[in-house]
Structures are given as C-alpha cells and as structure tokens.
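Under the numbering used here, the first residue of the sequence shown carries the number 6, and numbering increases by one thereafter.
Every residue, glycine too, gets a C-beta built ideally from N, C-alpha and C.
Working notes, structure below.
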Amino acid sequence: MARSSKNSIHRTAISWFRRDLRLTDNPALLHALEHAERVVPAFVYSPDEDRSWAPGAASRWWLHHSLVALDAGLRKIGSQLIVQKGDSLSALRKCIRETGATLVCWNKLYEPAALERDAEIAAALADDGVSVEQSNGTLLFEPGTVLNQQNLPYRVFTPFWRTVEKLLPTLPPPSKAPRKLPPVPRGLARIDIDDLELLPKIRWDEGLAQSWTPGEIGATQQLKQFDKHVASYPTGRDRPDRAETSRLSPHLHFGEIGPRQIVAMLRHPAPGAAHAKGADSYLRQIGWREFAHHLLFHFPHTTDAPLDKRFAKQKWRRSTSDLRAWQRGATGIPLVDAGMRELWRTGWMHNRIRMITASVLTKNLQIHWLQGARWFWETLVDADLANNTLGWQWVAGCGADAAPYYRIFNPVLQAKRFDPLRGYIRHWVPELARLPDRWIHQPWAAPEAVLQKAGVELDKTYPRPVLDLGESRKRALQVYSQLR
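Next comes the structure, spelled out in structure tokens:
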C-alpha cells in the first residue's frame with residue numbers, strides 16, 4: 006500500500022507497465038507504491054518503436070490475453086489498467102496532465118531500440134519537471150554489471166554463468182503483490198484492450214488457446230507444475246515427446262513471472278539430491294537467458310549481423326520454395342516437419358527441436374539465419390529478441406559461444422535418440438503414424454511395400470526430402486571451413 010500523505014513524496018505516480026505484466030515482485034510498481042499516495046497503472050502499445058522487430062502475430066496474441074489478465078488482477082485490488090496506443094512519450098505526457106502525476110516508474114527493457122527510446126523519454130520527462138525511476142524487473146542482474154576480470158563482456162557462457170551463480174545468494178527475496186491499490190481517477194483517457202487489435206482477424210489461434218494460459222496466474226501455476234517434476238529435468242529436457250521442460254519462456258518474456266521468483270521457488274528446501282540437481286540444471290537455462298541479454302546489450306548490432314565478422318562474407322542460398330517447405334513443415338524430414346508443425350499449432354517448439362530445425366535451415370539448406378529468426382519471431386509466443394538472436398547465431402556458428410562449424414545436427418539420428426518411442430513424430434506428422442518404428446524417421450528409405458502398407462505415398466501423402474542430408478552436410482562443411 007502507499008504510504009500516508011504525511012510520509013509521501015508524490016501525490017500521484019504512474020507505474021508504466023511494458024513487459025512486466027505482473028503484480029508480484031514488480032520493482033517499478035513497488036517503488037511507485039512506496040513513494041506516492043496514488044498509483045496509476047498504465048500500458049502504452051507502441052509497436053513502431055520496436056523498429057524492425059515489432060511484435061509478431063503469436064506475440065500479439067499472447068500480449069492481448071496477458072493484458073486482460075493484468076487488468077483483471079488490478080481490478081481485484083481496486084485499480085485498473087489505463088491502456089493507450091501510439092507514441093509512448095505523448096501517451097505518458099497526456100496521462101501526466103490528466104492525473105497531475107509527478108513521478109513515473111518503469112522496469113527497464115534492454116533491447117537496443119528500447120534503451121534508446123527510454124533514455125529519450127526519461128530526459129524529456131525530466132525537462133518537464135517529472136521524476137523518473139527505472140528499475141530492473143526483467144533479469145537477475147542488469148547487463149553491464151557482470152564482466153570478466155579484464156572488465157570486458159563475456160563471450161563464452163560457462164565462465165559467465167560461474168560468475169552469475171556466485172552472485173545468486175546476493176539476490177533479495179521476491180516482493181509480494183500489493184493487496185490493495187487506490188482507485189485511478191475517473192475520466193482518464195483510455196481505450197479497450199480489444200481496440201489494440203492484437204488478435205488475428207482470421208482466427209488461426211485455436212491451438213494457442215488450447216496450449217497456454219497467459220497471465221500471472223498461469224505463470225505461477227506453470228512454475229508450480231514444473232517444480233513437481235524438476236528432478237527429472239536433466240534427462241527429460243531433451244525429450245520432445247515428454248512434457249518435462251518448464252514451458253515458462255513466454256511467461257518470462259512478458260514478465261508475468263520474474264527470474265527471482267523462479268530462483269526462490271526452485272531453491273527452496275526440498276528432500277533429495279535429485280531435486281537440487283534438476284533445479285541447478287534448469288537455473289543454468291535462466292543463466293543462458295541472462296547471457297543472451299548480456300550479449301545483446303554489449304553487441305547491439307547482432308540482431309541483424311553476425312557477431313563473428315568472418316561470417317559477414319558468407320554467401321547464402323536464396324530458395325523461396327525450400328524456405329516455404331521448412332516453414333510449413335513439408336521438408337520431407339519427419340523430425341523437422343514435426344517441430345515446424347508444433348510451432349505453427351502451439352506457438353512453441355521444444356528447444357532441442359529448435360536447434361535441429363535451425364541447423365537444417367542454416368547448414369543443410371544454407372539459407373540465411375535471419376530468415377529463420379524472422380519466422381520464429383512471427384510464430385513463437387516466447388519470441389524474445391535476445392534469446393532469438395543468440396539461439397540462431399549459436400546454431401549458425403557465427404555468434405558468441407557458437408556451436409562448432411562442424412556440428413551439423415543429423416535429424417534422423419537425433420530422432421532415433423530423442424524420440425525413441427516415435428511418439429513426437431506420430432503426433433505431429435500423423436500421415437506417417439502407421440509406418441514401423443524402423444522407417445518413420447526416414448520414410449524415403451523404406452521399401453515400397455512398407456510404404457504402401459502404411460498408406461504412405463511419397464510426394465502425394467508426404468513429400469520426399471527437399472535435400473540429401475549427407476551431400477548437404479559435405480557442402481556445408483566446405484563452406485564453413487573456408488570461412489574459418
């Protein structure tokens with residue numbers, strides 16, 4: 006709750022929500038409550054300010070439902086979300102005029118365009134005589150605060166994570182959500198969330214709605230569910246046919262849960278060493294997220310250009326048909342097609358499958374990693390600029406801590422190893438479901454009689470591969486060895 010007027014510094018503060026769509030452990034909201042009698046929660050939708058990386062369709066779907074959930078949460082404690090659309094500075098100034106606010110609080114975003122935009126807004130509001138407070142509600146530690154012994158940014162994950170892991174005990178515990186907020190002033194200019202037009206006009210989003218529960222409550226439920234089987238995470242995390250990953254990535258991206266909450270939950274006292282081992286394994290993935298933001302902060306050009314400058318001269322193939330086959334899950338390579346169909350249907354893809362599909366696109370097909378990054382950006386509900394950039398450059402071999410150039414995932418061998426029961430492919434590529442286990446990973450090699458018995462007719466019921474895995478691997482190795 007806000008302090009009494011006797012102790013308050015400001016009469017009214019604006020808590021500017023962005024990708025911190027939660028009430029629990031929200032530093033900006035907490036600061037506003039501690040330094041003002043009245044807090045006005047505000048959200049401004051400004052996709053043009055993200056420049057060339059405006060939110061994709063799946064992200065917009067998630068944002069709509071997350072805003073609805075946040076507004077519902079605020080209304081339960083006496084407030085509501087004031088929604089605007091357009092230029093952020095203009096919208097904030099309008100809200101300031103209407104409310105008389107003298108303090109604006111927000112949690113930082115660390116993408117290049119956001120940093121530049123926020124600096125301009127902070128300077129403009131200061132010129133207006135309005136106080137600004139920027140907090141970190143997105144990461145465990147702010148980019149720029151974790152450096153190596155030479156005071157330079159890390160470019161390799163393992164030493165970065167060792168440093169971060171040592172700092173984890175210094176984290177403050179997550180703060181609780183406020184139980185009550187003062188009502189916002191009447192008559193404030195606002196629009197309905199529906200007016201943002203975030204949902205698709207052609208309703209292709211049924212699979213997303215069946216797969217996810219956006220919002221803070223959904224995020225908390227997902228973390229509790231994951232905590233029940235975290236002990237099996239070190240081995241289960243590589244099995245796309247099992248629900249043994251956290252599925253917290255979209256909740257984290259939209260700030261429906263903060264990383265400190267995850268650390269606190271997973272490091273609570275629990276019986277058995279297995280839980281602790283699983284928790285440490287998963288927290289390493291939180292560290293990878295931190296590393297991604299660390300890299301993007303220090304090397305902002307990498308959203309569109311390789312960190313390793315040698316790869317700037319790489320010649321990529323241009324093939325609309327091959328790219329389209331990859332996007333549609335019609336490459337003729339079952340594990341790749343299963344992953345791309347899962348992505349289209351649910352807005353999400355298992356991490357191992359992300360690596361495999363990205364490897365096939367960039368190394369076997371030799372199509373630019375940015376083409377893949379753009380497609381993931383459009384279709385992933387957890388599309389995050391830092392993670393997306395790091396992931397694609399890692400697979401393509403042109404980024405920090407990149408996979409060796411000779412690491413080219415073989416989707417047939419990967420399927421045999423990580424989809425041993427063939428359940429993942431059978432679920433997402435049902436036209437192959439009747440094939441025997443021996444052939445379902447590579448139907449092009451199956452005898453004709455086997456195909457006929459399973460009802461599979463290549464190039465009719467299922468496509469032949471768009472590439473030869475062996476020959477394309479040889480070509481990729483030749484290209485990469487020349488670059489290096």
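Alpha carbon to alpha carbon, what distance is there between residue j and residue i?
i, j, result
"Glu-125", "Asp-199", "29 Å"
"Ala-438", "Asp-30", "46 Å"
"Val-109", "Pro-188", "17 Å"
"Ala-37", "Ile-14", "10 Å"
"Gly-396", "Arg-102", "43 Å"
"Leu-555", "Asp-285", "Missing from the structure shown is residue 555; the chain here goes from 6 to 489 and no further."
"Pro-239", "Phe-231", "13 Å"
"Ala-128", "Pro-245", "47 Å"
"Ser-10", "Gly-105", "Because Ser-10 sits at a pLDDT of 38, beneath the cut-off of 50, its placement in the model cannot be relied upon, and the following sentence gives the value as read from the coordinates. Cα-Cα distance, rounded: 16 Å."
"His-355", "Pro-158", "29 Å"
"Leu-193", "Cys-100", "7 Å"
"Arg-480", "Val-341", "20 Å"
"His-432", "Val-386", "21 Å"
"Leu-253", "Glu-453", "43 Å"
"Asp-133", "Lys-233", "51 Å"
"Leu-472", "Asn-369", "8 Å"
"Pro-339", "Ile-207", "28 Å"
"Asn-392", "Met-345", "18 Å"
"Pro-52", "Thr-307", "20 Å"
"Ala-279", "Leu-463", "46 Å"
"Glu-138", "Trp-374", "38 Å"
"Leu-203", "Gly-260", "18 Å"
"Phe-162", "Thr-250", "21 Å"
"Gly-91", "Phe-48", "11 Å"
"Val-235", "Glu-347", "23 Å"
"Lys-113", "Val-73", "22 Å"
Give the secondary structure of residue i by DSSP, where H, G and I count as helix, E and B as strand, and everything else as coil.
i, result
"Pro-158", "coil"
"Trp-21", "strand"
"Tyr-50", "strand"
"His-446", "coil"
"Asn-393", "helix"
"Gln-89", "strand"
"Glu-42", "strand"
"Leu-228", "helix"
"Ile-413", "coil"
"Ile-372", "strand"
"Arg-56", "helix"
"Arg-294", "helix"
"Glu-120", "Correcting the residue identity first, residue 120 is Leu in this sequence and not Glu. Here Leu-120 sits in helix by DSSP."
"Tyr-467", "strand"
"Arg-422", "helix"
"Arg-16", "strand"
"Arg-289", "helix"
"Arg-346", "helix"
"Arg-439", "coil"
"Arg-27", "coil"
Return the Cβ separation of residue i and residue j in integer angstroms, given the expectation that the two are a contact with Cβ distance under 8 Å.
i, j, result
"Pro-255", "Trp-217", "7 Å"
"Leu-26", "Leu-75", "5 Å"
"Ala-503", "Ile-430", "Because the chain here runs from 6 to 489, residue 503 falls outside it and cannot be looked at."
"Val-268", "Leu-176", "6 Å"
"His-258", "Arg-24", "7 Å"
Just reading off the alpha helix (DSSP H) that residue i is part of, what are its end residues?
i, result
"His-70", "62 to 81"
"Lys-99", "93 to 104"
"Lys-5", "There is simply no residue 5 to check, as the chain begins at 6 and stops at 489 in what is shown."
"Asn-356", "356 to 364"
"Val-268", "264 to 271"
"Trp-353", "Premise fails: Trp-353 is in no alpha helix (DSSP H) and is neither H nor E."
"Arg-431", "428 to 433"
"Val-386", "Unbroken run through Val-386: none, as it is neither H nor E."
"Thr-325", "325 to 333"
"Ser-254", "254 to 258"
"Lys-458", "453 to 458"
Where do the N-terminal and C-terminal ends of the beta strand (DSSP E) with residue i fall, by residue?
i, result
"Val-109", "108 to 112"
Exercise. Residue ranges of each alpha helix (DSSP H) run of no fewer than 4 residues wholly in the stretch 122 to 152, ordered along the chain?
Worked result: Runs of the alpha helix (DSSP H) inside the stretch 122 to 152: none found.
Problem set entry | 4 or more residues per run - each alpha helix (DSSP H) lying fully within the stretch 161 to 247 | With a minimum length of 4 residues, the unbroken runs of alpha helix (DSSP H) contained wholly in the stretch 161 to 247 fall at 162 to 172, 211 to 216, 221 to 233, 238 to 241.
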